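Peer 1: Sharing a structure below in C-alpha cells format, with a few things to ask.
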Ligand code: MF3
Ligand code: CO
Ligand code: CO
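Numbering (this note's numbering), first residue to last: 5 to 280.
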C-alpha cells in the first residue's frame, strides 16, 4: 500500500502545523478571492478558470486535478448537488441558485481544504435558513474539538443542531484527516453519539465539512461517477474548514488570520454574525 498504514492517525509537530497553516491560509484566501467574483451568468467552468489562475499566480497545486481521476481543479456543487460537482462551461449560474465551492491547495507538500456555499444574487428565505443552519452546525462541530474530546462529540454537535430544524445530515461523505495526503485517517462523520469514537489528540489535523440537506440525507452519484446529488432533488449546503488540535484548543488553519480564529470560509455570514 502506498503511503503506509492508511488507518494510522498522524500526530504533527508544531513546525508541521505551521506549514499546514500556510497552506490553509492560502486556501482560505483563494476561496475568498473566488467567492468575491461569483455572479449570476457565469459558468461553473469560469470558477475552475479562476482556481487555475490563482494556483498559477501563487505557484501552488490545486489538489482535485487528476485526484482519483477528478477532471477539474475545484468542486462546484449547485443547489441539489451535495458535493464533488464538476465545473462545466455549459452550466450557467442563475439568480437564486446556491453554489458550493470547495478549494483544496497543495502548498510545499501540505494540503489546505476548505469550502463554502454562497447565494448567487438574491435567494429565497428558506434557502438562507439552510445556509445559516449549516454554517452554525459547522461552527458547533468546530467548538467540540479539544484534546481528549471524542470524534463522536463532533458529529453529535452538528446533528443535534440541524435535525431539530427539520434538516438532515449526509452520511455518505465525511470529514477526514489531512496533511501531506489529501485524505488520511481518521474519518470524521457529521453525525454521531457524544462520548463515542477515537479520542482527539494534540497534533491531529483534519477537516470538518458537514453537508446538510433540506430533505432526506440519502444521495445518489451521477453517471460522471463524481457528482453526488440529493435523492429527492432538494437543496444541500456545505461548509468546510481544516483544523488542528493543540494543547490550547482548536486551531482553525483555513482562515485569513494568523491566530487560527474561526471565520466562515468565503467570509460569508448571516447578518449580525459578528455580534454573536
Ligand atoms: N475537497 C473535497 C473534500 O473536502 C474532496 C474533493 S475530491 C475531488 O474532501 F476529487 F473531487 F476533488
Ligand atoms: Co475535505
Ligand atoms: Co474540500
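C-beta: ideal position from N, C-alpha, C; glycine also.
In this text, all values refer to a predicted model and were calculated from it rather than measured experimentally.
Do residue 23 and residue 114 have their CB atoms nearer than 7 Å?
Peer 2: yes
Peer 1: Runs of 3 residues minimum, wholly inside the region 242-270: which ones carry the beta strand (DSSP E) assignment?
Peer 2: 245-250 and 253-256
Peer 1: Per DSSP, residue 172 forms a beta bridge with which residues?
Peer 2: Bridge partners of residue 172 according to DSSP: 217.
Peer 1: My parser needs the beta strand (DSSP E) runs of 3 or more residues fully inside the region 113-141; what are they?
Peer 2: 114-123
Peer 1: What residues are listed by DSSP as bridge partners for residue 180?
Peer 2: 191
Peer 1: Hey, quick one: how far does the alpha helix (DSSP H) through residue 74 stretch, first residue to last?
Peer 2: Per DSSP, residue 74 lies in no alpha helix (DSSP H) and is assigned neither H nor E.
Peer 1: In the DSSP output, which residue or residues are listed as bridge partners for residue 203?
Peer 2: 154
Peer 1: Three or more C-beta pairs under 8 Å: does that hold for the region 215-223 against the region 184-193?
Peer 2: no
Peer 1: I want to know whether the region 133-142 touches the region 49-63 - three or more CB-CB distances under 8 Å.
Peer 2: In the pairwise beta carbon analysis, the region 133-142 is classified as not touching the region 49-63: fewer than three pairs are separated by under 8 Å.
Peer 1: Using only CA atoms, which one of 30, 209, 107 and 72 lies nearest to residue 151?
Peer 2: 209
Peer 1: How far does the beta strand (DSSP E) with residue 18 in it extend, from its first residue to its last?
Peer 2: From DSSP, residue 18 is part of no beta strand (DSSP E) but of the alpha helix (DSSP H) over 18-39.
Peer 1: Would the beta-carbon of residue 141 be found less than 6 Å away from any heavy atom of ligand 3?
Peer 2: no
Peer 1: Would residue 60 pass as an interface residue toward chain B - the criterion being a Cβ-Cβ separation below 7 Å?
Peer 2: Of the protein chains in this structure there is only one, and it is not chain B.
Peer 1: Determine, using beta carbons only, whether residue 59 and residue 68 come nearer to each other than 7 Å.
Peer 2: no
Peer 1: For residue 256 and residue 247, what's the separation of their Cα atoms in angstroms?
Peer 2: 4 Å
Peer 1: Would you decide whether residue 98 is buried or exposed? Buried here means 16 or more other CB atoms lie within 10 Å of its CB.
Peer 2: exposed
Peer 1: Whole angstroms is fine: what's the gap from residue 5's alpha carbon to residue 32's?
Peer 2: Confidence is the limiting factor: at residue 5 the pLDDT is only 38, short of 50, which leaves the residue's position unreliable and the question unanswerable from this model.
Peer 1: Among the residues of its own chain, which have a CB less than 6 Å from the CB of residue 117, if the five just before and after it don't count?
Peer 2: 108, 182, 211 and 246
Peer 1: Which word fits residue 215, buried or exposed, when buried means at least 16 other C-beta atoms lie within 10 angstroms of its C-beta?
Peer 2: A residue is called buried when at least 16 other Cβ atoms come within 10 angstroms of its Cβ; residue 215 meets this threshold and is buried.
Peer 1: What does the alpha-carbon distance come out to for the pair residue 130 and residue 157?
Peer 2: When rounded, the distance between both Cα atoms is 28 Å.
Peer 1: Using the three-state DSSP reduction, which class does residue 280 fall into: helix, strand or coil?
Peer 2: Here residue 280 scores only 41 on pLDDT, less than 50, and its place in the model is too uncertain to base an answer on.
Peer 1: Any heavy atom of ligand 3 inside 6 Å of the beta-carbon of residue 244?
Peer 2: yes
Peer 1: Give me the Cα-Cα distance between residue 122 and residue 102, rounded to the nearest whole angstrom.
Peer 2: Going by the C-alpha atoms only, they are around 6 Å apart.
Peer 1: Rounding to the nearest angstrom, what Cα-Cα distance links residue 42 and residue 90 in this structure?
Peer 2: Distance from the CA atom of residue 42 to the CA atom of residue 90, rounded to whole angstroms, is 16 Å.
Peer 1: List the DSSP bridge partners of residue 106.
Peer 2: 79 and 119
Peer 1: Give a single yes or no on whether residue 117 has its beta carbon closer than 6 Å to a heavy atom of ligand 2.
Peer 2: yes
Peer 1: With a CB to CB cut of under 7 Å and the five nearest residues on each side skipped, what residues in its chain are close to residue 175?
Peer 2: Non-local beta-carbon contacts of residue 175 in its own chain, meaning distances under 7 Å to residues more than five positions away in sequence, involve 195 and 221 in chain order.
Peer 1: Going by the DSSP bridge assignment, what does residue 47 pair with across the sheet?
Peer 2: As a beta-bridge residue in DSSP terms, residue 47 pairs with 96.
Peer 1: By alpha-carbon positions, which one of 232, 132, 127 and 162 ends up nearest to residue 177?
Peer 2: 232
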